[in-house]
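In our numbering, the protein residues as written are 270 to 687.
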């Protein structure tokens, strides 16, 4: 029996005291265990965010997806609300420790050791990822610095003075910090940073964004990863293949399915990532529809080892976007990650915004870019030509004044819809 199956059956047995899943799985026989993962996939329904939101609204403030009495829980976090109503999520000490174990894998695969000094350029609000990243690095033995409550300039000065070797933040914020450094006359070539550990957006696995980050932070390598408040840290970047994320399968059962049919997709096809967390018993999720769009190269079956030695599910290009972020413009499927790749590849753009408007029921795309001071005068024309070449669409591009577009510390919100 596989280790995943052993863990799954232990989790299912524990869910008899979980009101949410005891009710959801009533009549399925799943709480008595399964003989195979195939049986689990066939008999277990998906869990959706809409269900969880409805449960928390009906049973405030935490909902009923709690396996233990409330007194057992010691942590409360919540989702960012970037894709709808925020969710509160509780953890027991055991579930929290399980997540820190997973985060240690992320750190180690990025080459981080106890000898490193890790700077966290986050606000340290209620979002889970900030805290798990920080505490796991501390547990690994690193010297850690919480950069919450600081301006970008103060963070940069501290990062340089402390000789931090790893910077943790979003890709967008790493670009912004480099922008600020240039304005303040702070030479990032003097920085000791050798690792940019980025997440929160798809950018870390977009080749043009990676190239831009490594240009702005001389001597540093970008390492991408991803996770969610609902499931915890999920993936780490393949050390042998930049831009490929491996799901931590000792902690998760991962599937990739067609978003419409719910059926497994074949290798090299895009689909929605479905996750079952195996160790977060206090607040579990079974076959959770993450909404993350991915492309797996290794299929949903037994697979050979990757060049890095891992047999964990490989996601080509990392998280490609959100299933519900796709916009159909004049018959062309457009994802935010594709737009960002074009913009970053052309270069000369400090920040940008995309507006999706509908006229006569047809979606139209317009892009506003804030040029860098040294950007060429024909930047808008170059971008428009690139959009037409790569997307087969005519996309109007306008220029904004220097410093006029918003900057983001956490997840960038560049797309607006009418």
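Even for Gly, the Cβ is constructed at its ideal location relative to N, Cα and C.
{"query": "Unbroken beta strand (DSSP E) run spanning residue 585, endpoints", "result": "583-585"}
{"query": "Neighbourhood of residue 649 by C-beta distance below 6 Å, restricted to the same chain and skipping five residues each side", "result": "666, 668"}
{"query": "Whole-Å CB distance - residue 547 paired with residue 280, under 8 Å assumed", "result": "6 Å"}
{"query": "Continuous alpha helix (DSSP H) stretch holding residue 419: start and end", "result": "Segment: none, residue 419 is in no alpha helix (DSSP H) and carries neither H nor E."}
{"query": "Cα-Cα separation, residue 442 to residue 679", "result": "7 Å"}
{"query": "Cβ neighbour criterion (16 or more within 10 Å) applied to residue 466", "result": "buried"}
{"query": "Identity of the residue in 429, 475, 471 nearest residue 453 by Cα", "result": "429"}
{"query": "At least 3 beta-carbon pairs within less than 8 Å: the stretch 316-330 vs the stretch 352-365", "result": "yes"}
{"query": "Contact under 8 Å by Cβ, residue 506 with residue 378", "result": "yes"}
{"query": "Backbone CA spacing between residue 284 and residue 275 [nearest angstrom]", "result": "15 Å"}
{"query": "Chain-order list of residues whose beta-carbon lies under 8 Å from that of residue 603 (same chain, five-residue window excluded)", "result": "595, 596, 597, 634, 660, 662"}
{"query": "Residue from 409, 397, 344 with nearest C-alpha to residue 376", "result": "409"}
{"query": "Cβ shell of residue 566 (< 7 Å), same chain only, five flanking positions each side left out", "result": "536, 537, 583, 585"}
{"query": "Bridge partner(s) assigned by DSSP for residue 360", "result": "344"}
{"query": "Three-way DSSP call (helix, strand, coil) for residue 643 in this model", "result": "coil"}
{"query": "Beta-carbon contacts of residue 526 that lie in its chain and below 7 Å, excluding the five residues immediately before and after", "result": "532, 533, 534, 540, 541, 543"}
{"query": "Alpha-carbon spacing of residue 271 relative to residue 520, whole angstroms", "result": "13 Å"}
{"query": "Residue environment, residue 345, which counts as buried when at least 16 other CB atoms sit within 10 Å", "result": "exposed"}
{"query": "Residues of its chain near residue 599, where Cβ-Cβ distance is below 6 Å and the 5 sequence neighbours each way are ignored", "result": "none"}
{"query": "Beta-carbon contacts of residue 569 that lie in its chain and below 7 Å, excluding the five residues immediately before and after", "result": "Unreliable placement is indicated for residue 569, whose pLDDT of 46 sits below 50; no coordinate value is reported for it."}
{"query": "Exposure label - residue 227; buried when at least 16 CB within 10 Å", "result": "The question about residue 227 has no answer here: the residues shown for the chain are numbered 270 through 687."}
{"query": "Closer than 7 Å: residue 333 CB and nearest the ligand NAP heavy atom", "result": "The ligand NAP is absent from the structure shown, which contains no ligand whatsoever."}
{"query": "Contact check, residue 432 vs residue 461, beta carbons under 8 Å", "result": "yes"}
{"query": "Backbone CA spacing between residue 670 and residue 619 [nearest angstrom]", "result": "11 Å"}
{"query": "Which listed residue (291, 400, 511) has its alpha carbon closest to that of residue 334", "result": "291"}
{"query": "Residues that DSSP places opposite residue 521 in a beta bridge", "result": "546"}
{"query": "Beta carbon of residue 439 nearer than 8 Å to that of residue 404", "result": "no"}
{"query": "Own chain, CB closer than 6 Å to residue 287, minus 5 neighbours either side, in chain order", "result": "336"}
{"query": "Residue 386 to residue 435 span [Cα, whole Å]", "result": "6 Å"}
{"query": "Pairwise C-alpha distance: residue 641 and residue 509", "result": "33 Å"}
{"query": "Simplified DSSP state of residue 290, which is helix, strand or coil", "result": "helix"}
{"query": "Rounded separation between residue 414 and residue 402 - CA only", "result": "11 Å"}
{"query": "Which listed residue (316, 418, 563) has its alpha carbon closest to that of residue 289", "result": "316"}
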